[in-house]
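Asker: Quick one: the structure is below, questions incoming.
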Amino acid sequence: MALKIVKGSIDRMFDKNLQDLVRGIRNHKEDEAKYISTCIDEIKQELKQDNIAVKANAVCKLTYLQMLGYDVSWAAFNIVEVMSSSKFTFKRIGYLAASQCFHEGTDVIMLTTNQIRKDLSSPNQYDTGVALTGLSCFVTPDLARDLANDIMTLMSHTKPYIRKKAVLIMYKVFLKYPESLRPAFPRLKEKLEDPDPGVQSAAVNVICELARRNPKNYLSLAPLFFKLMTSSTNNWVLIKIIKLFGALTPLEPRLGKKLIEPLTNLIHSTSAMSLLYECVNTVIAVLISLSSGMPNHSASIQLCVQKLRILIEDSDQNLKYLGLLAMSKILKTHPKSVQSHKDLILQCLDDKDESIRLRALDLLYGMVSKKNLMEIVKKLMLHVDKAEGTTYRDELLTKIIDICSQSNYQYITNFEWYISILVELTRLEGTRHGHLIASQMLDVAIRVKAIRGFAVAQMATLLDNAHLLTGNTQRNGICEVLYAAAWICGEFSEHLEDPMQTLEAMLRPKVATLPGHIQAVYVQNAAKLFATVLQKHEGETDSQAAQETSQLLIDRLPLFVQSANLEVQERASCILQLVKYIQKLQQKNVEVAEEVTALFAGELNPVAPKAQKKVPIPEGLDLDAWINEPPSESESEDEKPKAVFAKEEPKHYRSRNTEVDEKELARRREVRKQEQANNPFYIKASPSSQKVYDAPGVEHIPVVQIDLSVPLKVPGMPMSDQYLKLEEERQQKEKAERKKKEKKKKREKRGKGRKADSGPESEEDITPAQHVDIVTEEMPENALPSDDDDKDPNDPHRALDIDLDKPLADSEKLPVRTHRPEVLKSPAEDRVSESVPPETKKKSSKEKKEKKKDKEKDRKRSKEEKKKKKKHKEVEEELLESQPEEPVQSEETKEAAAPPTSTSAEASDLDFWLSSAPVPPAAQEVTVPSSAVETSSAAVPESEPDEPKDTEPEDTKSSKHKKKKQKKEKEEKEKKKKKRHHHHHHHGEAGGEDSVQNGTVEEEEPLPPMSNYSVLAENSFIKMVYDIQGNHQDESKVVVSIIFENKSDSFLKSMEFNVLDSLNSKLQRPEGAGPHDGLTVPFQLPPGVSNEARFVFSVQSIVMPQKLKGTLTFIVKSDESSTHEKLDFKLHFTCTSYLITTPCYSDAYAKLLESGDLKGSSLRLEGINMPFHHLLARICFHHHFSVVERIDSCASMYSRSIQGHHVCLLVKTSDQTVSIDAKCDEPSLLGNVLDELKQTFSKC
Amino acid sequence: MIKAILIFNNHGKPRMSKFYEHYTEDTEQQIIRETFHLVSKRDENVCNFLEGGLLIGGSENKLIYRHYATLYFVFCVDSSESELGILDLIQVFVETLDKCFENVCELDLIFHLDKVHNILAEMVMGGMVLETNMSEIITQVEAQGKMEKSETFVFQCPRQDR
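From first to last, the protein sequence lines are chains A and B. Its first residue numbered 1, the first sequence is counted upward by one per residue in UniProt numbering. Its first residue numbered 1, the second sequence is counted upward by one per residue in UniProt numbering.
Shown next, in the form of structure tokens:
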């Protein structure tokens, strides 16, 4: 064994590592493939060795080869081996390889479950991190189900690094295992308020991604997100939230109203273009959702359009592009405000950047009206001629067709013009969109009856000049239009002037070079034309012409009978036989025209594209049931007709079947050929027909190839431009006429069978050139009015459409492994799983509320029951004292059984939030995070007065009872308060969590409530509290959040906030405002309401605290009077407010201290008699520190200023004395921070 | 969501590819080729956004790219990502690479594909943005690098003795 290892090590020295491999590949440029195949052989040898290092090296090389396009799935098992190495280095290589090449079909994935679970619970955070990263790439439904619970536990890990990864990966887990969404959601929601910005951002990310797909389930989170939006300074998070609101507003217009103001503020204040752009986008979404209900938001629209115009005019192409993109969204609802910028958009069509041109095209789509359609299309046609590169030209082509055909040809006044445009478009070289033009031609000809005569004439010319379209092999795509042309000429042949000539054109030998499906249409329609010709000549004494026609067909059709295409062959031989028969009859002078025409009688009606899908399945019809018993394998004869039948099955089955059918058909064709070859009675294909197949051009007819690079002007084809002039003339003439015939016009208009007439402007004045009757598409009777046509049944997000507001049932809990003892758990995690069981975290605040409701219900029940219950509760209460989590758990199980009334409760919560002023009254202590908690705490005082009433009758019974009861109530209140505060000290708790990372698990008392908000100023009308936070992104900015609370009974409005700037600190004012102008507070306050506003200050030096004087002016409006009031205040910028909670790891911390760049200072505090963890929590919370390490009564802490100064503290405590040794690279900053620390603790 | 992150050079040679949805190796190469084809023919001074190619996701997706010297960095994203945000992210990515490799050049990426992947893993996870703060990314990358170093040291010791 030892020898083996030695051998392995020696081998390893000769092995290529990744660098050698890359170098080798670069040195073998000529025979790269060969070199790599030898390398792969080497790798295969390496993988066979026992040495894990050799294996890891091999796998690492495979990852590189995978990138070059080599399939490495054969090494999947070895990858798993490397993943399970105990060395981080190898593990990482293994997981990387797995993330690059594992997928749901990889079978060895199921071997990884336990390894991943082990890594997830590894004491080394990077093992866990690597496992999470890898898992995010290859998670399968099985892995998701088995690991969901482990990952959920990690969401509350002490390390933010793990937390944020665990939160993010939950999205993938939800996708693969939708059942996990509901149990995990409450914790996910909790993470929205995680103290670590990275975790918070991850949670926002996940919820936004979820909500984007099923927005309605996340409406109830709107208040929470609203709060985040107004408090977060992380642009990345802000963008996500704002995007999310964009998705939510269409569902709840009231939300939109609430959003407009903060968003417009952001638009004005932000300097980040990305944020500005997303704000504009969401404002647009809001305006779209409001467009029906709100009369006047023109100011916001104007603002948006204005900002967008600035973007479009910017020299930065990116901004230009995005500006156009957003503009197109406004266009949908407010076309007029965009139409005024037509000049700008047409200008963009000439931009050198294709992306920008395409966006501009999109905009044009929405800007057309009946008036300007012809003009715009003319411009586009010019661009078509100029355009280089087929993709852009194709795009132009589709755009022209889209623009013209939009909303049922609403803007087309002259269909002759449109047909000529289509015909002109056929002259495009190398376009891929022949079929699009063809379908337009068909659609117009079928649905606009009045145009048929004109269309047929045009199509006949097209057929006549078919050689121009097919002559050039490059122009193959365009020959599709011949399909349409032939069909139109045949179907509406009664309009043809000279059917004989068209017939002749359709039977030219050159036709045989066209694709099969077009030939088939040619043949079929030749027969229709034949019928028409017969009809025309019927009754003439001289039957010469009719007989000539028959002869023509008999001469030419054999060419098609020999076609290799089955369809063509079949049709041609049918028709040939028919014509031969007719010829016989003709010779006998029998009148046949009537009967031949009858073959093609009947009008074809257009059918709506979704019609087939909408046919309801009749009752009792089971399409999956066998009509006859399934045939046994041997009866292959029976199978055939079934397969043919399957082709005609309803559309939605077809997509699945066609593939099979094609394969099946090919197979059967083979079988049949075999059969035919063996069948002596079967007449085999003649060699000549085989020839035709080989050389499509018929050899004996000399064909002159006309290879035209310049599109010819086909003689006799009208140019669309002429119509433009004609149209102008016509409109003028009409105008003159209209004055005379006012009354007549009205009648005419009513006669028009067009439904869409809601075009903008005065375009209704333009009457179409022809009397147009657009036939609407047919739908089957009793079609189901369903909207979900567009939803893809395979969309994985469909499964995530889950009601998150319903309480959790027991059955929904995530599967937890119980059959095996816990493997290898870090002490930190033990703590997580022991002291905070998942159930408590899972509890959403709304459930708490529901519980309260239940209690209220209970109260109303009979007293007897109550007494019993009381006893029960007392027991519970006792439990509560000893073990705080217990009652919560027991009550939850009770809830699970209770009927789910919470959905309505939740809805009313949201209603409350939406209908009240921006922030509910309970937000006086704004640290309360979620709205549900807010409202429940607001509701507490209301419900409590009920309780004494209930107890009154009990007075007589026993006073002892009463006391008990009161005591109980007190406790209950306390409990509620505790719960409410649970979130309050979340920031502090994070420090506490960190503090135990070294395994000191101790029963620590809950922390007292804390708030960072301090009073700024107060008078009889208004109270202001404020908090100052540093900005992560900008080292010279701090954000001051101020909560304004209306204490009076009057309405407060027109609040203006102003501060006297100092040299060092300045209030950020919008562009254009003077240095002494105040800022308008963007809301008004009804009585008793409070709301929060944020102001950004720029600071230069942060080493000194500073006070700024300021004034708030406002108008107090009561029923009878209104007065102007003012309130002076002093904003105190402490040095603490420049610090940002930044996590730091002990090694980095040690390095920092060793570096010697830091200057020290110290502080002693006497008479502190609070528990050590409270002390730490206070420092964390009030002074934005984080705990690096804690050992017993000694802790190291770290924080960073917005300008990157490091501040390190070593806090020790013994007997009411706390000593703090501090180090910082900026002594004066440190001194001030220590002073502030001292002050904090002198207060208590 | 980010669907894929591709790095290739001016000749279309892949330097790193990360797909957050599964494709076969052939399709991946096709996507890289197609993307290169789309991106490389664009001038320097045009916008950095492109409507998605045919292979990867269709019309919902966008290609957002930046061109640095010899390398193209292309992110394929869907509509939930902010275009300008992703541009910034690419910048952060490149700057992080620059810090980690000290003046990064194409050769660094060629020879240290695994390291590039590891750096990327600290920024984007499973198609979602994990971290945008450069110093945080570098801290984590360096901490892992240190761990790796300590392991290889232990590992190589016996060999040196012999």
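Each residue gets a CB set at the ideal place from its N, CA and C atoms; glycine is no exception.
With a threshold of 6 Å on Cβ separation, who are the neighbours of Pro953/A within its own chain once the five nearest residues in sequence on each side are excluded?
Answerer: Here residue 953/A is taken as the residue at index 953 of the first sequence, counted from 1. In this prediction, Pro953/A has a pLDDT of 44, which is less than 50 and means its spatial position is unreliable; what the coordinates show is noted afterwards. Nothing meets the Cβ criterion.
Asker: I'd like the span of the alpha helix (DSSP H) that includes Val286/A, first residue to last.
Answerer: The residue given as residue 286/A occupies position 286 in the first sequence. From DSSP, the alpha helix (DSSP H) with Val286/A extends over 273-290.
Asker: Can you tell me whether DSSP reads Arg750/A as helix, strand or coil?
Answerer: The residue labelled residue 750/A in the question sits at position 750 within the first sequence. Bear in mind that the predicted position of Arg750/A carries a pLDDT of just 46, short of 50, making it too unreliable to give a figure here.
Asker: List the residues of chain B that Ala360/A touches, going by C-beta distances under 7 Å, in chain order.
Answerer: By 1-based counting over the first sequence, the position of residue 360/A is 360. Within chain B, no residue comes near Ala360/A; the closest Cβ sits about 12 Å away, beyond 7 Å.
Asker: Where does Pro14/B land, buried or exposed, given buried means 16+ other C-beta within 10 angstroms?
Answerer: On the second sequence, residue 14/B is found 14 positions in, with the first residue counted as 1. With 16 or more other Cβ atoms within 10 Å, it is buried.
Asker: Can you tell which of Ser1162/A, Asn1169/A, Thr1217/A has its C-alpha closest to the C-alpha of Asn1232/A?
Answerer: In the first sequence, counting from the first residue as 1, residue 1232/A sits at position 1232. If we check each option's Cα against that of Asn1232/A, Ser1162/A comes out closest.
Asker: What does Glu209/A touch in chain B if you count any residue whose Cβ is under 8 Å from its own?
Answerer: In the first sequence, counting from the first residue as 1, residue 209/A sits at position 209. Chain B residues near Glu209/A: Met1, Ser80, Met128.
Asker: If you draw a straight line from the C-alpha of Lys1223/A to the C-alpha of Phe1181/A, how long is it?
Answerer: Locating residue 1223/A in the first sequence gives position 1223, counting from the first residue. Locating residue 1181/A in the first sequence gives position 1181, counting from the first residue. So the two alpha carbons sit approximately 19 Å from each other.
Asker: Could you give the uninterrupted runs of the alpha helix (DSSP H) lying entirely in the UniProt domain "AP complex mu/sigma subunit" (1-147) of chain B, keeping only those of 4 residues or more?
Answerer: If we require 4 residues or more, the alpha helix (DSSP H) runs fully inside the UniProt domain "AP complex mu/sigma subunit" (1-147) of chain B come out as 25-40, 83-101, 106-111, 113-123.
Asker: So, is Gly85/B buried or exposed, given that buried needs 16 or more other C-beta atoms within 10 angstroms?
Answerer: What you label residue 85/B is simply residue 85 of the second sequence in a count that begins at 1. The residue in question, Gly85/B, is buried, as its Cβ has 16 or more Cβ neighbours within 10 Å.
Asker: Check this for me: beta carbons of residue 164/B and Ile137/B, under 8 Å apart or not?
Answerer: Nothing about residue 164/B can be read from this structure; chain B reaches only from 1 to 162.
Asker: Taking the C-alpha atoms as reference points, what is the distance between Pro21/A and Gln49/A?
Answerer: By 1-based counting over the first sequence, the position of residue 21/A is 21. By 1-based counting over the first sequence, the position of residue 49/A is 49. The sequence given here has Leu at residue 21/A, not Pro. So the alpha carbons of these two residues sit roughly 19 Å apart.
Asker: When you compare the CB of Lys16/A with every CB in chain B, is at least one pair closer than 8 Å?
Answerer: Here residue 16/A corresponds to residue number 16 of the first sequence, with the count starting at 1. Chain B contact via Cβ: absent.
Asker: How many whole angstroms separate the CB atoms of residue 1248/A and Leu1060/A, which I take to be in contact at a CB cut-off of 8 Å?
Answerer: The requested residue 1248/A is not part of the displayed model; chain A covers only 1 to 1244.
Asker: Out of Thr106/A, Ser121/A, Lys165/A, Val59/A, state which residue places its alpha-carbon closest to the alpha-carbon of Leu132/A.
Answerer: The count along the first sequence starts at 1 and reaches residue 132/A at position 132. Of the candidates Thr106/A, Ser121/A, Lys165/A, Val59/A, the one whose C-alpha sits nearest the C-alpha of Leu132/A is Lys165/A.
Asker: Do we get a CB-CB distance below 8 Å when we pair Met67/A with the residues of chain D?
Answerer: The displayed structure is made up of protein chains A and B, and chain D is not among them.
Asker: Under 8 Å between C-beta atoms, does Gly453/A make it to chain B?
Answerer: Here residue 453/A is taken as the residue at index 453 of the first sequence, counted from 1. By this cut-off, Gly453/A is not an interface position.
Asker: Is the beta carbon of Asp385/A less than 8 Å from the beta carbon of Arg432/A?
Answerer: Here residue 385/A refers to the residue found at position 385 when the first sequence is read from its first residue. Here residue 432/A refers to the residue found at position 432 when the first sequence is read from its first residue. Cβ distance not < 8 Å, so Asp385/A and Arg432/A don't count as in contact.
Asker: Contact check, Thr333/A vs Ala285/A under 8 Å by CB: the rounded distance?
Answerer: Numbered from its first residue, the first sequence carries residue 333/A at position 333. Numbered from its first residue, the first sequence carries residue 285/A at position 285. Between Ala285/A and Thr333/A the Cβ distance is about 10 Å, and since that is not below 8 Å, they are no contact.
Asker: What is the rounded straight-line gap between the Cα of Ser1098/A and the Cα of Cys1135/A?
Answerer: Working through the first sequence from its first residue, we reach residue 1098/A at position 1098. Working through the first sequence from its first residue, we reach residue 1135/A at position 1135. Taking the straight line joining both Cα atoms gives about 14 Å.
Asker: Check whether the Cβ atoms of Gln586/A and Ala527/A lie closer than 8 Å to each other.
Answerer: On the first sequence, position 586 is the one that residue 586/A refers to. On the first sequence, position 527 is the one that residue 527/A refers to. Contact: no.
Asker: Pick out the complete alpha helix (DSSP H) segments inside the stretch 329-410 of chain A, 4 residues or longer, and give them in chain order.
Answerer: Counting whole runs of 4 or more residues, the stretch 329-410 of chain A contains the alpha helix (DSSP H) stretches 335-339, 342-348, 354-367, 373-386, 390-409.
Asker: From the DSSP output, read off the bridge partner residues of Gly1030/A.
Answerer: On the first sequence, position 1030 is the one that residue 1030/A refers to. Answer is Val1038/A, bridged to Gly1030/A.
Asker: Enumerate, from N- to C-terminal direction, the unbroken alpha helix (DSSP H) stretches of 4 or more residues contained entirely within the stretch 56-133 of chain A.
Answerer: With a minimum length of 4 residues, the continuous alpha helix (DSSP H) runs that stay inside the stretch 56-133 of chain A are 76-83, 88-101, 113-120.
Asker: Would you decide whether Ile1043/A is buried or exposed? Buried here means 16 or more other CB atoms lie within 10 Å of its CB.
Answerer: As a working mapping, residue 1043/A is identified with position 1043 in the first sequence. With 16 or more other Cβ atoms within 10 Å, it is buried.
Asker: Is it buried or exposed for Asn605/A, if we count other Cβ within 10 angstroms and need 16 for buried?
Answerer: In the first sequence, residue 605/A corresponds to position 605, counting from 1. It is exposed - the Cβ of Asn605/A has fewer than 16 other Cβ atoms within 10 Å.
Asker: Using the beta-carbon count (16 or more within 10 Å), is Met1104/A buried or exposed?
Answerer: Working through the first sequence from its first residue, we reach residue 1104/A at position 1104. With fewer than 16 other Cβ atoms within 10 Å, it is exposed.
Asker: What residue from Thr1213/A, Ser1090/A, Met500/A, Ala33/A has the CA that sits closest to Phe1021/A's CA?
Answerer: Locating residue 1021/A in the first sequence gives position 1021, counting from the first residue. Nearest option by C-alpha distance: Ser1090/A.
Asker: In chain order, what are the residue ranges of uninterrupted alpha helix (DSSP H) at least 4 long that sit wholly in the stretch 195-221 of chain A?
Answerer: With a minimum length of 4 residues, the continuous alpha helix (DSSP H) runs that stay inside the stretch 195-221 of chain A are 197-213.
Asker: Select from Gly105/A, Lys1126/A, Trp626/A, Asn124/A the residue whose C-alpha is nearest the C-alpha of Met147/B.
Answerer: Position 147 of the second sequence, counting from 1, holds the residue named residue 147/B. Among Gly105/A, Lys1126/A, Trp626/A, Asn124/A, the Cα nearest to that of Met147/B belongs to Asn124/A.
Asker: Taking 8 Å as the threshold, find out whether the stretch 1207-1224 of chain A comes into contact with the stretch 1065-1083 of chain A through three or more Cβ pairs.
Answerer: They do not touch, by the three-pair rule.
Asker: Please determine if the stretch 311-330 of chain A and the stretch 342-362 of chain A are in contact, where contact requires at least 3 C-beta pairs separated by less than 8 Å.
Answerer: Because the criterion of three Cβ pairs below 8 Å is met, the stretch 311-330 of chain A and the stretch 342-362 of chain A touch.
Asker: Distance check for Thr153/A and Arg117/A, CA to CA, integer angstroms please.
Answerer: Within the first sequence, numbered from 1, the residue matching residue 117/A stands at position 117. Within the first sequence, numbered from 1, the residue matching residue 153/A stands at position 153. Arg117/A and Thr153/A: Cα-Cα distance of roughly 12 Å.
Asker: Is the distance from the Cβ of Ser274/A to the Cβ of Ser82/B below 8 Å?
Answerer: Position 274 of the first sequence, counted from the first residue, corresponds to residue 274/A. Position 82 of the second sequence, counted from the first residue, corresponds to residue 82/B. Cβ distance < 8 Å, so Ser274/A and Ser82/B count as in contact.
Asker: Is DSSP giving Phe1241/A helix, strand or coil here?
Answerer: Walking along the first sequence from the start, residue 1241/A turns up at place 1241. The answer is helix: DSSP assigns Phe1241/A an H, G or I state.
Asker: Beta-carbon of Tyr68/B versus every beta-carbon of chain A: anything under 8 Å?
Answerer: Your numbering for residue 68/B matches position 68 in the second sequence. Output row for Tyr68/B: interface = no.
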